[in-house]
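S.K.: Numbering (my numbering), first residue to last: 27 to 148.
Sending over a structure as structure tokens; questions will come in a sec.
Structure (structure tokens):
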């Protein structure tokens, strides 16, 4: 039986006030050549996600939107493994050349590494 995972608005970082603490003092970072995850522990009891896919990295809106959809889907499926963190995913140069399956593979690995880093940092 499949477990239903949701991604409600309460699990998203939506404004500058939510992004700033993570940028100012991240608890930990998870690096990849194409993506960077900055994370900070929160008091909400569940993980939250913020996305940054710059136009400089992905010129076409279709690419940016597709990338964001894949990141959100990956987060939705892995959020039950994550502690209460605010995570910002930054797309880096080179990520525009990846196909959806590669992005999903990379992000699944990054979420696993983020969960390990969070346990180490608690």
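Ideal Cβ positions, reconstructed from N, Cα and C, are used throughout, including at glycine.
Just so you know, these numbers come straight off a predicted model, no measurement behind them.
Do the segment 89-109 and the segment 41-52 touch if we need at least three Cβ pairs shorter than 8 Å?
M.R.: No, they do not touch.
S.K.: Around the Cβ of residue 56, are there at least 16 other Cβ atoms within 10 angstroms (buried) or fewer (exposed)?
M.R.: buried
S.K.: Grouping DSSP H, G and I as helix and E and B as strand, with all else coil, what is residue 61?
M.R.: The three-state secondary structure of residue 61, taken from DSSP, is strand.
S.K.: Looking at the secondary structure, which residues open and close the beta strand (DSSP E) in which residue 98 lies?
M.R.: Bounds of any beta strand (DSSP E) do not take in residue 98; it lies within the alpha helix (DSSP H) bounded by 87-104.
S.K.: Helix, strand or coil for residue 82 per DSSP?
M.R.: coil
S.K.: Would you kindly check if the distance between the Cβ of residue 66 and the Cβ of residue 80 is under 7 Å?
M.R.: Taking 7 Å as the Cβ cut-off, residue 80 and residue 66 do not qualify as a contacting pair.
S.K.: When burial is assigned at 16 or more other CB atoms within 10 Å of the CB, is residue 51 buried or exposed?
M.R.: exposed
S.K.: Considering residue 116, what are the terminal residues of the beta strand (DSSP E) in which it resides?
M.R.: DSSP places residue 116 inside the beta strand (DSSP E), whose first and last residues are 111-117.
S.K.: Kindly indicate which residue of 69, 77, 143 has the alpha-carbon position closest to the one of residue 118.
M.R.: 77
S.K.: Is the beta carbon of residue 54 sitting closer than 7 Å to the one on residue 113?
M.R.: no
S.K.: Can you give me the start and stop residues for the alpha helix (DSSP H) that residue 40 sits inside?
M.R.: Run containing residue 40: none; DSSP gives neither H nor E here.
S.K.: For residue 62, which residues of its own chain have a beta-carbon under 8 Å away from its beta-carbon, when the five flanking residues on both sides are left out?
M.R.: 55, 56, 115, 116, 118
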